[in-house]
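J.: In mature numbering (1 follows the signal peptide of the UniProt record, and there is no 0), the protein residues as written are -20 to -1, 1 to 794. Idealized CB from N, CA, C, for every residue including glycine. As the structure is a computational prediction, the values presented were derived from the model and not from experiment. Structure provided below as structure tokens; questions to follow.
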């Protein structure tokens, strides 16, 4: 008897598991079989529901009721008994036709707008209730899969494809895991801490980049009570924002009664589908007018790159003491280099599930709980508790990831990706790089080849030794350098670096640029077009021998300190001379201390060995620097010279304004005391067709030289705010570009020049110099073209700048 009971229980369990599958179907008019859009579909006795799309299609996941209710304005309510094993359903609704004796037509505010105003009236209190919950726990599962066409050539490169992929309902498509992550987080009123974390991916060098560039931009906190949600570098207006009715068509579908409580169901769609807006539906509770559930999609017409489909869903749970709090958040993204061509409806709810070979499927599910008892449960076991009932990441997928990492083609892709992000190529226990310094050119050396190398974590985890050897085809001089890095602790709170080099450097080299650039290893403007279209070689370089020791300290509160004592010996070249009191000196030395304070406000970064790689986002980065030193001239030429100090500050970041965003970098500084002229601020251009990011475009290699200065670099991307409204043009998904660059400075008496300022520098003009640019971006998804001209006519005809020009930059974004 016990055996039979056990078998019956197991059969009931598995049959109920099979029964709790996804249910989909169509809602149509019984009379003419036309689809009924925005019909309200829910499970009887619950608030779980959805709406039909423009084709009448609907889908509900994991039904927990045996009765499905369907209603729509103008039709009779219909209840359908669900049968086990039935996954599809076609529903025919009868029209609700009533004859009225007399109708008095009066002006009336639409019901949807009345309810929307009530949502706004109660939004502040509902948001406050959610934010007041500060003691809770979350469990998040994140997966990234790539769809592989079974008949594609991928089978030739990966051995035994069936072992490392997962079957799908479509026999022609299989899925392989790219990235898997599980994280349990403990939230308290005082702090937020990761209690458990497990992560793996087939690209070890790219795991952090996948998290930063994709997951943190896409798989975000779907807080619809905010005015906008930042996804894919864009600000998506919330459908319940104060200004929502300016951007969305809002439809009141129906109301339902659950446990004697009324719930209102709405659908929403963008007025202009080419703008980055959501479409979907939400449910609010009567009385509190709080969100109980919302599902949002992104239309395929939206001016976004690489996005086939997006789905975000948030469920809220009513607390026993009143008020609503998060229950679950689900975010999914279907990405590919080329948008899928299909016959699906323009309505966006289907596009997430339209999968072809090469698509990336990104999914993250976060579940919330305020249960006190979880504090006594081991964090790694939270996912198995009833508060977090969910399908976890299968252990078999971790095995598949482990096997894929050993494939040769995967290792090659990982190596190339590591070069792009860190600028280093791994070769066993050593790294070759930075790769951008392998080939350079200048007037003194001609074409130069450099061999840079360092040891990596495979040799020593907390210590690295490296350097470079280089020689030019013209000068035939051997140039070299040595660097040592030591991290005494497991975390990078404290890092020590020692650097020595004998090399050539630009007179106008900005020593503070490495604090500003997102990747400190790359040189110049990271513009390939600029490097191959330079019309002149920069002649203003000098020979240097440099020794410095850097001491870096990173605090837990995201404050970063760097102390760098240095010694620098500079030697004149054919175009760079050091003249003092009529005497031409061959060389000079200066030594001092450079201090930098960086505040990042918890900005995301990737850690590559000892280097932190930052990315542009709405969180600003502030840098404050001070350079204190003294100049020495041989043969008694430095009599009476005192000390110098240079103060420099910068702030950079991004401002998101819906589909429009603006990147900015503003810096300024002040140099005073007895200092060589190469410490002055010297704004320059690249004299090429490449658009410069942190430099100017029309200036030549030598222009201004100021000790008091400020530089402004603004880049506005319209996101198609105007072009999306133009017929035919909007299909190209182009984006408007407006840029502004300004330099303003003076050469004051507080600066005491150690050497005469060369004549090719200008310092007397008191008028700000400016460049304004107009152009288009997202051309073929990778190209930006911009026309740049001077602001005003003050510098028209000047020998150190061009009047205007057309510039190009290869850049890619969502």
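1. Would you report the Cα separation of residue 441 and residue 582, rounded to the nearest angstrom?
2. Please list the terminal residues of the continuous alpha helix (DSSP H) segment that includes residue 105.
3. Judging by CA-CA distance, which residue of 365, 340, 338 is the nearest neighbour of residue 351?
4. Give me the residue from 492, 788, 661, 642 with the minimum Cα distance to residue 742.
5. Using three-state DSSP, classify residue 606 as helix, strand or coil.
6. Taking the continuous beta strand (DSSP E) assigned at residue 159, which residues delimit it?
7. State the DSSP-derived secondary structure class of residue 339, mapped to helix, strand or coil.
8. Could you please give the first and the last residue of the uninterrupted beta strand (DSSP E) stretch that includes residue 813?
9. Which residue comes first and which comes last in the beta strand (DSSP E) that contains residue 227?
10. When the Cα of residue 206 is compared with those of 158, 121, 110, 240, which residue comes out closest?
11. If you follow the beta strand (DSSP E) that residue 486 is part of, which residue opens it and which one closes it?
12. Grab the span of the alpha helix (DSSP H) containing residue 496 for me, first residue to last.
13. DSSP puts residue 407 in a beta bridge; with which residues?
14. Considering only heavy atoms of the ligand ZN, does any lie closer than 6 Å to the CB of residue 311?
15. Sort out for me which residues DSSP pairs residue 694 with in a bridge.
16. Among all the DSSP beta bridges, which residues are the ones paired with residue 242?
17. Count Cβ pairs between the segment 105 to 124 and the segment 280 to 291 that sit closer than 8 Å; are there 3 or more?
18. Please report the Cβ distance between residue 29 and residue 21, rounded to the nearest whole angstrom; I am assuming they are in contact, meaning their Cβ atoms lie under 8 Å.
19. Count the other CB atoms within 10 Å of the CB of residue 856; is the residue buried (16 or more) or exposed (fewer)?
20. Hey, would you say residue 343 sits closer than 7 Å to residue 123, going by beta carbons?
21. Could you check where the beta strand (DSSP E) with residue 362 kicks off and where it finishes?
22. Considering Cα atoms alone, identify which of 51, 36, 67, 35 is closest to residue 2.
23. Assuming residue 461 and residue 483 make a contact with CB atoms under 8 Å, what is their CB distance in whole Å?
24. To the nearest angstrom, report how far apart residue 686 and residue 726 are at their CA atoms.
25. Along the chain, where does the beta strand (DSSP E) containing residue 180 start, and where does it finish?
26. Give every residue of the same chain whose Cβ lies closer than 7 Å to the Cβ of residue 777, excluding the five residues on either side of it in the sequence, and list them in chain order.
27. Can you tell which of 598, 346, 705 has its C-alpha closest to the C-alpha of residue 212?
28. Going along the chain, which residues of its own chain have a beta-carbon closer than 6 Å to the beta-carbon of residue 569, five neighbours each way excluded?
29. In whole angstroms, what is the alpha-carbon distance linking residue 188 and residue 182?
30. In chain order, what residues of the same chain have a beta carbon less than 6 Å from the beta carbon of residue 748, not counting five sequence neighbours either side?
31. Between which two residues does the beta strand (DSSP E) harbouring residue 637 extend?
32. Using a Cβ-Cβ cut-off of 6 Å (strictly less than) and excluding sequence neighbours within five positions of residue 640, which residues of its own chain qualify?
33. Rounded to the nearest angstrom, what separates residue 729 and residue 650 at their Cα positions?
34. By the 10 Å Cβ neighbour count, where 16 or more other Cβ atoms means buried, how is residue 542 classified, buried or exposed?
35. So, helix, strand or coil for residue 188, using DSSP?
T.: Looking at the coordinates:
1. In the chain shown, the residue the question calls residue 441 occupies position 461. In the chain shown, the residue the question calls residue 582 occupies position 602. Straight across, the Cα-Cα distance linking residue 441 with residue 582 is about 25 Å.
2. As a working note, residue 105 is residue 125 in the chain shown. Note, residue 105: alpha helix (DSSP H), 91 to 111.
3. If you number the chain shown from 1, residue 351 lands on position 371. Among 365, 340, 338, the Cα nearest to that of residue 351 belongs to 365.
4. For the purposes of this step, residue 742 is identified with residue 762 of the chain shown, where counting begins at 1. For the residues 492, 788, 661, 642, the minimum Cα distance to residue 742 belongs to 661.
5. As a working note, residue 606 is residue 626 in the chain shown. Secondary structure at residue 606: strand, using DSSP grouped into helix, strand and coil.
6. By 1-based counting over the chain shown, the position of residue 159 is 179. Its beta strand (DSSP E) spans residues 153 to 167.
7. Residue mapping note: residue 339 aligns to position 359 of the chain shown, counting from 1. Of the three classes helix, strand and coil, the one that applies to residue 339 here is coil, per DSSP.
8. Because the chain in this structure spans residues -20 to 794, residue 813 falls outside the shown range and cannot be described.
9. As a first step, residue 227 is located in the chain shown; it is residue number 247 there, counting from the start. Premise fails: residue 227 lies in the alpha helix (DSSP H), 224 to 227, not in any beta strand (DSSP E).
10. Looking up residue 206 in the chain shown gives position 226. Ranking the options by Cα distance to residue 206, first place goes to 110.
11. Taking the first residue of the chain shown as position 1, residue 486 is located at position 506. Note, residue 486: beta strand (DSSP E), 474 to 486.
12. As a working note, residue 496 is residue 516 in the chain shown. Boundaries of the alpha helix (DSSP H) harbouring residue 496: 493 to 496, taken from the DSSP string.
13. Here residue 407 refers to the residue found at position 427 of the chain shown. Note: residue 407 sits in a beta bridge opposite 410.
14. This structure does not include the ligand ZN; it has no bound ligands of any sort.
15. For this step, residue 694 is matched to residue 714 along the chain shown. BP columns for residue 694 point to 644, 720.
16. For the purposes of this step, residue 242 is taken as the residue at position 262 of the chain shown. Partner residues in the beta bridge of residue 242, as assigned by DSSP, are 237.
17. Result no; under three Cβ-Cβ pairs closer than 8 Å.
18. Translated into the one-based positions of the chain shown, residue 29 becomes position 49. Translated into the one-based positions of the chain shown, residue 21 becomes position 41. Right, their Cβ atoms sit about 6 Å apart.
19. Look at the range of the chain in this structure, -20 to 794, and you will see that residue 856 is not part of it.
20. Translated into positions along the chain shown, residue 343 becomes position 363. Translated into positions along the chain shown, residue 123 becomes position 143. Yes.
21. Along the chain shown, one-based indexing puts residue 362 at 382. Where residue 362 is concerned, there is no enclosing beta strand (DSSP E), given that its DSSP letter is neither H nor E.
22. As a first step, residue 2 is located in the chain shown; it is residue number 22 there, counting from the start. Among 51, 36, 67, 35, the Cα nearest to that of residue 2 is on 67.
23. On the chain shown, residue 461 is found 481 positions in, with the first residue counted as 1. On the chain shown, residue 483 is found 503 positions in, with the first residue counted as 1. With 8 Å as the limit, residue 461 and residue 483 qualify as a contact, their Cβ atoms being about 6 Å apart.
24. If you number the chain shown from 1, residue 686 lands on position 706. If you number the chain shown from 1, residue 726 lands on position 746. Roughly 5 Å separates the two Cα atoms.
25. Along the chain shown, read from residue 1 onward, the residue named residue 180 stands at position 200. Bounds of the beta strand (DSSP E) holding residue 180 are 172 to 181.
26. Sequence index remark: in the chain shown, residue 777 carries index 797 (1-based). Residues of the same chain with their beta carbon placed closer than 7 Å to that of residue 777 are lacking, with the five preceding and five following residues left out of the count.
27. By one-based count along the chain shown, residue 212 stands at place 232. Selected option, being the one with the closest Cα: 598.
28. Here the question's residue 569 lines up with position 589 in the chain shown. Result list for residue 569: 549, 612, in chain order.
29. Within the chain shown, residue 188 is the residue found at index 208, counting from 1. Within the chain shown, residue 182 is the residue found at index 202, counting from 1. Going from the Cα of residue 188 to the Cα of residue 182 covers about 12 Å.
30. Position 768 of the chain shown holds residue 748. Once the five neighbours on either side are set aside, the close Cβ partners of residue 748 are 722, 724.
31. The count along the chain shown starts at 1 and reaches residue 637 at position 657. According to the DSSP assignment, residue 637 belongs to the beta strand (DSSP E) that extends over 623 to 637.
32. As a first step, residue 640 is located in the chain shown; it is residue number 660 there, counting from the start. Closer than 6 Å at Cβ, skipping near neighbours: 698, 699, 701.
33. Here residue 729 is taken as the residue at index 749 of the chain shown, counted from 1. Here residue 650 is taken as the residue at index 670 of the chain shown, counted from 1. Using only the alpha carbons, I get a separation of about 12 Å.
34. Here the question's residue 542 lines up with position 562 in the chain shown. With 16 or more Cβ atoms within 10 Å of its Cβ, residue 542 is classed as buried.
35. Indexing the chain shown from 1 puts residue 188 at position 208. Under the three-state reduction of DSSP, residue 188 is assigned to helix.
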